[in-house]
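*Asks:* Here the sequence shown is numbered in this note's numbering, starting from 230 and rising by one per residue.
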Amino acid sequence: MSRGEARIRRAFLFSIAAMVTLASIALGLYWLLHDQPPADAVQEARIKTPVAPSARDPMAPDNAAGEGTDAASAVGTDPTVPPPVRFTDITEQAGIDFVHVNGAYGERLMPETIGSGAAFFDYDRDGDQDLFLVNSRPWDKQPSGDRQPAQPGIQPPTQRLYRNDGSGHFDDLTEAAGLALVTYGMGVAIGDYDGDGWDDLFLTTLNGNHLFHNRPAAAGGRRFEDVTATAGVAGGTDTWSSSAAFLDYDRDGDLDLFVVNYVDWSREIDLEIDFRLTGLGRAYGAPLNFVGTDNQLYRNDGNGRFTDVSAVAGIRIADPVTGNPVGKGLGIAPFDMDADGWQDLIVVNDTVRNFLFRNRRDGSFEETAIFDGVAYDRNGKATSAMGVDVARIREDQDIGIAVGNFANEMASLFVTTDGRPPFVDEAVLEGLGPASRIPLTFGLLFFDYDLDGRQDLLLANGHLEHEINKVQQSQHYAQPPSLFWNCGDACRGRFVLVPTAEGAAGDLGQNLVGRGVAYADIDADGDLDLIITQNGRRPSLLRNDQRTGHHWLRVELTGKPPNTSAIGARLELTAGGVTRHREVRPTRGYLSQVERAVTFGLGTLTEVEQLRILWPDGSEQQQVPSGIDRTLHIHQSEGNSP
Numbered sequence: 230m231s232r233g234e235a236r237i238r239r240a241f242l243f244s245i246a247a248m249v250t251l252a253s254i255a256l257g258l259y260w261l262l263h264d265q266p267p268a269d270a271v272q273e274a275r276i277k278t279p280v281a282p283s284a285r286d287p288m289a290p291d292n293a294a295g296e297g298t299d300a301a302s303a304v305g306t307d308p309t310v311p312p313p314v315r316f317t318d319i320t321e322q323a324g325i326d327f328v329h330v331n332g333a334y335g336e337r338l339m340p341e342t343i344g345s346g347a348a349f350f351d352y353d354r355d356g357d358q359d360l361f362l363v364n365s366r367p368w369d370k371q372p373s374g375d376r377q378p379a380q381p382g383i384q385p386p387t388q389r390l391y392r393n394d395g396s397g398h399f400d401d402l403t404e405a406a407g408l409a410l411v412t413y414g415m416g417v418a419i420g421d422y423d424g425d426g427w428d429d430l431f432l433t434t435l436n437g438n439h440l441f442h443n444r445p446a447a448a449g450g451r452r453f454e455d456v457t458a459t460a461g462v463a464g465g466t467d468t469w470s471s472s473a474a475f476l477d478y479d480r481d482g483d484l485d486l487f488v489v490n491y492v493d494w495s496r497e498i499d500l501e502i503d504f505r506l507t508g509l510g511r512a513y514g515a516p517l518n519f520v521g522t523d524n525q526l527y528r529n530d531g532n533g534r535f536t537d538v539s540a541v542a543g544i545r546i547a548d549p550v551t552g553n554p555v556g557k558g559l560g561i562a563p564f565d566m567d568a569d570g571w572q573d574l575i576v577v578n579d580t581v582r583n584f585l586f587r588n589r590r591d592g593s594f595e596e597t598a599i600f601d602g603v604a605y606d607r608n609g610k611a612t613s614a615m616g617v618d619v620a621r622i623r624e625d626q627d628i629g630i631a632v633g634n635f636a637n638e639m640a641s642l643f644v645t646t647d648g649r650p651p652f653v654d655e656a657v658l659e660g661l662g663p664a665s666r667i668p669l670t671f672g673l674l675f676f677d678y679d680l681d682g683r684q685d686l687l688l689a690n691g692h693l694e695h696e697i698n699k700v701q702q703s704q705h706y707a708q709p710p711s712l713f714w715n716c717g718d719a720c721r722g723r724f725v726l727v728p729t730a731e732g733a734a735g736d737l738g739q740n741l742v743g744r745g746v747a748y749a750d751i752d753a754d755g756d757l758d759l760i761i762t763q764n765g766r767r768p769s770l771l772r773n774d775q776r777t778g779h780h781w782l783r784v785e786l787t788g789k790p791p792n793t794s795a796i797g798a799r800l801e802l803t804a805g806g807v808t809r810h811r812e813v814r815p816t817r818g819y820l821s822q823v824e825r826a827v828t829f830g831l832g833t834l835t836e837v838e839q840l841r842i843l844w845p846d847g848s849e850q851q852q853v854p855s856g857i858d859r860t861l862h863i864h865q866s867e868g869n870s871p
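So this is what it looks like as structure tokens:
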């Protein structure tokens, strides 16, 4: 185009723009000079701000609800309002003097943020739930390169075992039980791997795992012997293991072992990445910056030894582009997804997609998380998944999988339709969404805290950074747990956040740097008490002091050897025409284990129509319990195998 043509083109465009401008001005003047009909008045809607219901003090005398009204009848008048239930922190008075040590001294090393777990189990078979707490340790070297000096008169931090005396008070038996191990511990799994009727203990750590065999002590009592080398389950000395689970994946009768591994970490890699937050400087790194790892499956050979079958079992998932392992696992939950009697597995990964391992019933698994809808959240994104639990959250066949995520990520709640996958993330629809968005959740558990028969949900929360509030005003290092009451079909969303402000739920509203969480009935009153571990602090042992008047039935199973733990057994209890489903599955939440006994809340019902037990080997037992508000001890019958 010549310069003359360019001038003509610019002049033409300018004239068009001028005419459009003049036309717009003329139209505006015409509009202003002519009367316009008055606009209809708009009625502004007034929306009332939701007000948390004021809960009666559950520790008040029974007639506090009103003259002539007892506590039981005062509960449940509004089916959409959580009943008043108080949890009391009894850590100190119960004799728990444990303090978690993460070794932090300023370099902001990633493992300092993760631990640790806890386990309730009856290690001495006296009928009471004992408590094991996982500890870490100081780092071997300071920034100067020197070892951290031992402090005179101060014992190094060890794992701790507390024996329950039957009243909810605990005695420290760590030394006598042979568990005074100094290591950078993470998680724990409990199971009778050798079929002798006594629960054994598996400890995951940052640098090599440990299997402890529960055996008689020479001086009487019980003592744990480290049999890791003989059993062949140590893993790599440079492998960072997190959660673990005992399960009978091949249905040969004995318990196998699945170990979840996190990221490929070393101090040198961590410092080289040099992760920083504006306003804080050096900060704890995100797993996005680290290469993933493979999980491990150990098959129990029945002679005290295990064989690593990870390669042939289909649990190694590699990135098709890089060839590196995809997994960055923190949580695991075994469960029978399709009720075929074979144990499936969900492993949740931090910042990468989750895994769902469907048991192919031939000694191997097929990874189907994407196909079955649990790989990503509702937005199709991978989350910073940490804790996971599975339950029947409705009075039907539907399965719910809850996942705890990072701050500003809602918790996930994957639910089946008519009991079958694919799963759909219904966290928002079911009431978990907005209330779970702000906290940073590690451990979480389904449990029936008010004994009304429905599975409620607890989230243990706490941040990584001590000074996070300086850069994110919505965040705090210590955060209160979140308790969601399952209101059934009475509410628009199934889960209702229980108010904990101003002591409405007792000490459950205290700020914690929450990590692992587990439950057990530590005082034999029928309701479920809690332990919430803290990172770098003492745990919080919370006694459930609910006074709803609700009834209950607890069932403790003993299976035929070698799976005397009856892990994988399914229970169906029918009462009031409703059948509720539970599994013997102590691996729950995050790095932790709950008691093996199964608790059924009955609400106001006083009779049970039927209890059906589906044992791990496929055999079945049925009975009609003759009473309630008690614990049934049921041994697997001989001669009724399929």
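Virtual Cβ for every residue (Gly too), placed ideally from N, Cα, C.
Just how far apart, CA to CA, sit A281 and A448?
*Replies:* Locating residue 281 in the sequence shown gives position 52, where the first residue counts as 1. Locating residue 448 in the sequence shown gives position 219, where the first residue counts as 1. Summary for A281: the model assigns pLDDT 35, below 50, so the residue's position carries little reliability, and this model does not support an answer.
*Asks:* Please report the residue range of the alpha helix (DSSP H) in which S539 lies.
*Replies:* If you number the sequence shown from 1, residue 539 lands on position 310. Looking at the DSSP string, the run of the alpha helix (DSSP H) that includes S539 is S539 to A542.
*Asks:* Exposed or buried, which one is A798 when buried takes at least 16 other CB atoms within 10 Å?
*Replies:* As a first step, residue 798 is located in the sequence shown; it is residue number 569 there, counting from the start. Classification of A798: buried, given that the 10 Å Cβ count is 16 or more.
*Asks:* Looking at the structure shown, is F487 part of a helix, part of a strand, or coil, going by DSSP?
*Replies:* Here residue 487 corresponds to residue number 258 of the sequence shown, with the count starting at 1. Three-state DSSP puts F487 in a strand.
*Asks:* Shortest alpha-carbon distance to I630 belongs to which of E659, G510 and R534?
*Replies:* Numbered from 1 along the sequence shown, position 401 holds the residue referred to as residue 630. Closest option to I630, Cα to Cα, is E659.
*Asks:* Span of the beta strand (DSSP E) holding R451?
*Replies:* Here residue 451 refers to the residue found at position 222 of the sequence shown. R451 -> beta strand (DSSP E) spans R451 to D455.
*Asks:* Start and end of the beta strand (DSSP E) containing E497?
*Replies:* Here residue 497 refers to the residue found at position 268 of the sequence shown. Taken as a continuous stretch (DSSP letters only), E497 belongs to no beta strand (DSSP E), being part of the alpha helix (DSSP H) at R496 to I502.
*Asks:* What residue does the beta strand (DSSP E) around T860 start on, and which one ends it?
*Replies:* The count along the sequence shown starts at 1 and reaches residue 860 at position 631. R859 to H864 is the extent of the beta strand (DSSP E) around T860.
*Asks:* Out of V657, F519, L410 and G324, which one is the CA nearest neighbour of R721?
*Replies:* Stepping through the sequence shown from its first residue, residue 721 is reached at position 492. Per the Cα distances, V657.
*Asks:* Taking its Cβ as the centre, do 16 or more other Cβ atoms sit within 10 Å of G344, making it buried, or is it exposed?
*Replies:* The sequence position of residue 344 within the sequence shown is 115, counting from 1. Buried, by the Cβ-count rule.
*Asks:* Out of curiosity, what's the CA-to-CA distance linking S365 and G847?
*Replies:* Locating residue 365 in the sequence shown gives position 136, where the first residue counts as 1. Locating residue 847 in the sequence shown gives position 618, where the first residue counts as 1. The straight-line gap from Cα to Cα measures roughly 40 Å.
*Asks:* Take G426 and list the residues in its own chain whose beta-carbon comes closer than 6 Å to its own, dropping the five residues that flank it on each side.
*Replies:* Residue mapping note: residue 426 aligns to position 197 of the sequence shown, counting from 1. If we look at G426 and ignore the five residues flanking it on each side, its Cβ neighbours are T793.
*Asks:* Express the C-alpha separation of F643 and R776 in angstroms, rounding to a whole number.
*Replies:* Locating residue 776 in the sequence shown gives position 547, where the first residue counts as 1. Locating residue 643 in the sequence shown gives position 414, where the first residue counts as 1. If I take the Cα positions, the gap works out to 32 Å.
*Asks:* What residues in its chain sit with their C-beta under 7 Å from that of A460, if we drop five residues either side in the sequence?
*Replies:* Counting from one through the sequence shown, the residue named residue 460 turns up at place 231. Cβ neighbours of A460 beyond the five flanking positions: L440, G533, R534 and F535.
*Asks:* May I have the straight-line CA-CA distance separating G633 from F316, to the nearest angstrom?
*Replies:* The residue given as residue 633 occupies position 404 in the sequence shown. The residue given as residue 316 occupies position 87 in the sequence shown. When rounded, the distance between both Cα atoms is 22 Å.
*Asks:* May I ask you to list the residues that DSSP assigns as paired with W781?
*Replies:* Walking along the sequence shown from the start, residue 781 turns up at place 552. Answer by DSSP bridge pairing, in chain order: G830.
*Asks:* How would you label H442, buried or exposed, when you count the other beta carbons within 10 angstroms and need 16 or more for buried?
*Replies:* Walking along the sequence shown from the start, residue 442 turns up at place 213. Its Cβ being crowded by 16 or more others within 10 Å, H442 is buried.
*Asks:* Enumerate in chain order the residues of its own chain whose CB-to-CB distance from L688 is below 7 Å, with the five nearest sequence positions on each side excluded.
*Replies:* Locating residue 688 in the sequence shown gives position 459, where the first residue counts as 1. Counting only Cβ-Cβ distances below 7 Å, and skipping sequence neighbours, we find G633, A640, S665, P668, T670, L673, P710 and S711.
*Asks:* Name the DSSP bridge partner or partners of I628?
*Replies:* Your numbering for residue 628 matches position 399 in the sequence shown. I628 is not bridged to any residue.
*Asks:* For E838 and T816, which I take to be in contact (beta-carbon distance under 8 Å), what is that distance rounded to the nearest angstrom?
*Replies:* Within the sequence shown, numbered from 1, the residue matching residue 838 stands at position 609. Within the sequence shown, numbered from 1, the residue matching residue 816 stands at position 587. Not a contact, Cβ separation roughly 30 Å.
*Asks:* I need the straight-line Cα distance from V619 to P311, nearest angstrom please.
*Replies:* By one-based count along the sequence shown, residue 619 stands at place 390. By one-based count along the sequence shown, residue 311 stands at place 82. In a straight line, the C-alpha of V619 is about 22 Å away from that of P311.
*Asks:* Work out the CA separation of D679 and D858 for me, nearest whole Å.
*Replies:* Residue 858 sits at position 629 when you count from the first residue of the sequence shown. Residue 679 sits at position 450 when you count from the first residue of the sequence shown. The straight-line gap from Cα to Cα measures roughly 14 Å.
*Asks:* Quick check on DSSP: helix, strand or coil for L338?
*Replies:* Here residue 338 refers to the residue found at position 109 of the sequence shown. Here L338 sits in coil by DSSP.
*Asks:* Mind checking whether I561 and S703 have CB atoms under 9 Å apart?
*Replies:* Along the sequence shown, one-based indexing puts residue 561 at 332. Along the sequence shown, one-based indexing puts residue 703 at 474. The answer is no: Cβ separation not under 9 Å.
*Asks:* Helix, strand or coil: how does DSSP classify E731 here?
*Replies:* By 1-based counting over the sequence shown, the position of residue 731 is 502. It is helical.
*Asks:* Closest by CA to L693, which one among R744, D736 and F676?
*Replies:* Translated into the one-based positions of the sequence shown, residue 693 becomes position 464. Checked all of R744, D736 and F676; the closest Cα to L693 is R744.
*Asks:* My output table needs one value for G521: the three-state DSSP class, helix, strand or coil.
*Replies:* The residue you call residue 521 lines up with position 292 of the sequence shown. G521 falls in the strand class under three-state DSSP.
*Asks:* Cα-Cα, which of N690, E801, D718 and G717 is closest to A707?
*Replies:* On the sequence shown, residue 707 is found 478 positions in, with the first residue counted as 1. Residue N690 is the option with its Cα nearest to A707.
*Asks:* Could you give the DSSP three-state label for F600: helix, strand or coil?
*Replies:* Counting from one through the sequence shown, the residue named residue 600 turns up at place 371. If DSSP states are grouped into helix, strand and coil, F600 belongs with the helices.
*Asks:* When burial is assigned at 16 or more other CB atoms within 10 Å of the CB, is V550 buried or exposed?
*Replies:* Start at 1 with the first residue of the sequence shown, and residue 550 comes out as number 321. With fewer than 16 Cβ atoms within 10 Å of its Cβ, V550 is classed as exposed.
*Asks:* Do V727 and E785 have their CB atoms nearer than 9 Å?
*Replies:* As a first step, residue 727 is located in the sequence shown; it is residue number 498 there, counting from the start. As a first step, residue 785 is located in the sequence shown; it is residue number 556 there, counting from the start. No; because the gap between Cβ atoms is not below 9 Å, this pair is not in contact.
*Asks:* Hey, how far is the Cα of P308 from the Cα of A795?
*Replies:* Start at 1 with the first residue of the sequence shown, and residue 308 comes out as number 79. Start at 1 with the first residue of the sequence shown, and residue 795 comes out as number 566. Using only the alpha carbons, I get a separation of about 36 Å.
*Asks:* Which residue comes first and which comes last in the beta strand (DSSP E) that contains T403?
*Replies:* Taking the sequence shown and counting its residues from 1, the one referred to as residue 403 is at position 174. Per DSSP, T403 belongs to no beta strand (DSSP E); it is in the alpha helix (DSSP H), T403 to A406.
*Asks:* Which residue comes first and which comes last in the beta strand (DSSP E) that contains L757?
*Replies:* Position 528 of the sequence shown holds residue 757. Note, L757: premise wrong, no beta strand (DSSP E); not H, not E.
*Asks:* Check the DSSP bridge columns for A799 and list the partner residues they point to.
*Replies:* As a position in the sequence shown, residue 799 is number 570, starting the count at 1. Note on identity: in this sequence residue 799 is Arg, with Ala being the wrong assignment. The partner list for R799 (beta bridge, DSSP) reads E812 and L843.
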